[in-house]
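Residue numbers for the sequence shown, in the UniProt record's numbering: 1 to 152.
All C-beta atoms, glycine included, are put in the ideal place defined by N, C-alpha and C.
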Amino acid sequence: MFAQLRKFINTLAEQPESDQAPDFTTALAALMVEIMRADGEVHVDECHMIARLLTQHSGISTQASELIRDQAIEMVDEAIDLHRFIRVVNAHTGELERIEVIELLWLVAYADGRLDPHEEHMVRKIAGLLYVAHADFISAKLTARQQLKLTD
Numbered sequence: 001m002f003a004q005l006r007k008f009i010n011t012l013a014e015q016p017e018s019d020q021a022p023d024f025t026t027a028l029a030a031l032m033v034e035i036m037r038a039d040g041e042v043h044v045d046e047c048h049m050i051a052r053l054l055t056q057h058s059g060i061s062t063q064a065s066e067l068i069r070d071q072a073i074e075m076v077d078e079a080i081d082l083h084r085f086i087r088v089v090n091a092h093t094g095e096l097e098r099i100e101v102i103e104l105l106w107l108v109a110y111a112d113g114r115l116d117p118h119e120e121h122m123v124r125k126i127a128g129l130l131y132v133a134h135a136d137f138i139s140a141k142l143t144a145r146q147q148l149k150l151t152d
């Protein structure tokens, strides 16, 4: 299911980085960090989920994914808004890959076993900025819940 996203990440990893824009993996990590922080709390499970998802979907080592996550945390601290990260994701993905990004964000939101309304709002906001249709937003949410074996 994430094969296309993985292919994009691997392709982008081979491209030279711009001084002004983060690379795709860091931009993706920054969006995940935004979800992790949306409820005002940082749970260890969410930190681990971000590193795990980066490792699984970027083909990088666990140590590298943790470094990218930590770098993304610093970038989010300094950022005024999400547009710097959204621009990178939009520029390097198609419709299907952006839906997969939303699914990854849901996985981070649910990593602590519950969904805070602020996390849901932030995923919804990012989905809108990524031009993901509402039906795909809901489908990604349901898929993430199934992956984590969550019930109502």
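**Prompt:** Are LEU35 and VAL108 close, meaning C-beta to C-beta below 8 angstroms?
**Reply:** Here residue 35 refers to the residue found at position 35 of the sequence shown. Here residue 108 refers to the residue found at position 108 of the sequence shown. The sequence shown places Ile at residue 35, rather than the Leu named in the question. A contact, by the Cβ cut-off of 8 angstroms.
**Item:** Segment limits, alpha helix (DSSP H) that includes GLU97
**Value:** Counting from one through the sequence shown, the residue named residue 97 turns up at place 97. Here the alpha helix (DSSP H) through GLU97 covers 95-109.
**Message:** Taking only three categories from DSSP, how would you classify SER61?
**Reply:** On the sequence shown, residue 61 is found 61 positions in, with the first residue counted as 1. Coil.
**Item:** Through-space distance from MET49 to GLY59, alpha-carbon basis
**Value:** By one-based count along the sequence shown, residue 59 stands at place 59. By one-based count along the sequence shown, residue 49 stands at place 49. If you take the alpha carbons of GLY59 and MET49, they lie about 15 angstroms apart.
**Message:** Does ALA67 come out as helix, strand or coil in the three-state DSSP assignment?
**Reply:** On the sequence shown, position 67 is the one that residue 67 refers to. The question names Ala, yet the displayed sequence has Leu at residue 67. DSSP places LEU67 in helix when its eight states are reduced to three.
**Prompt:** Hey, LEU96 and GLN4 are a contact pair by Cβ (cut 8 angstroms); roughly how many whole angstroms apart?
**Reply:** Locating residue 96 in the sequence shown gives position 96, counting from the first residue. Locating residue 4 in the sequence shown gives position 4, counting from the first residue. At roughly 6 angstroms, the Cβ-Cβ gap stays under 8 angstroms, so LEU96 and GLN4 are in contact.
**Message:** Between GLN147, TYR131, LEU54, which has its C-alpha nearest ARG69's C-alpha?
**Reply:** If you number the sequence shown from 1, residue 69 lands on position 69. If we check each option's Cα against that of ARG69, LEU54 comes out closest.
**Message:** Rounded to whole angstroms, what is the Cα-Cα separation between PHE24 and ALA91?
**Reply:** Taking the first residue of the sequence shown as 1, we reach residue 24 at position 24. Taking the first residue of the sequence shown as 1, we reach residue 91 at position 91. Whole-angstrom Cα-Cα distance: 9 angstroms.
**Beta-carbon gap between GLU119 and ALA64 smaller than 8 angstroms** = Translated into the one-based positions of the sequence shown, residue 119 becomes position 119. Translated into the one-based positions of the sequence shown, residue 64 becomes position 64. For GLU119 and ALA64, no; Cβs fall outside 8 angstroms.
**Prompt:** For ALA140, which residues of its own chain have a beta-carbon under 6 angstroms away from its beta-carbon, when the five flanking residues on both sides are left out?
**Reply:** Position 140 of the sequence shown holds residue 140. Taken in chain order, the residues that qualify are ILE99, ILE102, GLU103, TRP106.
**DSSP three-state assignment for ILE9, whether helix, strand or coil** = Taking the first residue of the sequence shown as 1, we reach residue 9 at position 9. Note: ILE9 maps to helix in three-state DSSP.
**Message:** Just verifying my parser: in three-state terms, what is the DSSP assignment at THR151?
**Reply:** Translated into the one-based positions of the sequence shown, residue 151 becomes position 151. Residue state, collapsed to three classes: coil.
**C-beta atoms of ARG84 and TYR110 nearer than 8 angstroms** = Sequence index remark: in the sequence shown, residue 84 carries index 84 (1-based). Sequence index remark: in the sequence shown, residue 110 carries index 110 (1-based). It is not a contact, given that the beta carbons lie outside the stated cut-off.
**Message:** Given this structure, state the Cα-to-Cα distance separating ALA30 from ASP112, to the nearest angstrom.
**Reply:** To locate residue 30, count along the sequence shown from 1; it is residue 30. To locate residue 112, count along the sequence shown from 1; it is residue 112. Each residue's alpha carbon lies about 18 angstroms from the other.
**Message:** Rounded to whole angstroms, what is the Cα-Cα separation between ILE126 and LEU67?
**Reply:** Translated into positions along the sequence shown, residue 126 becomes position 126. Translated into positions along the sequence shown, residue 67 becomes position 67. Taking the straight line joining both Cα atoms gives about 23 angstroms.
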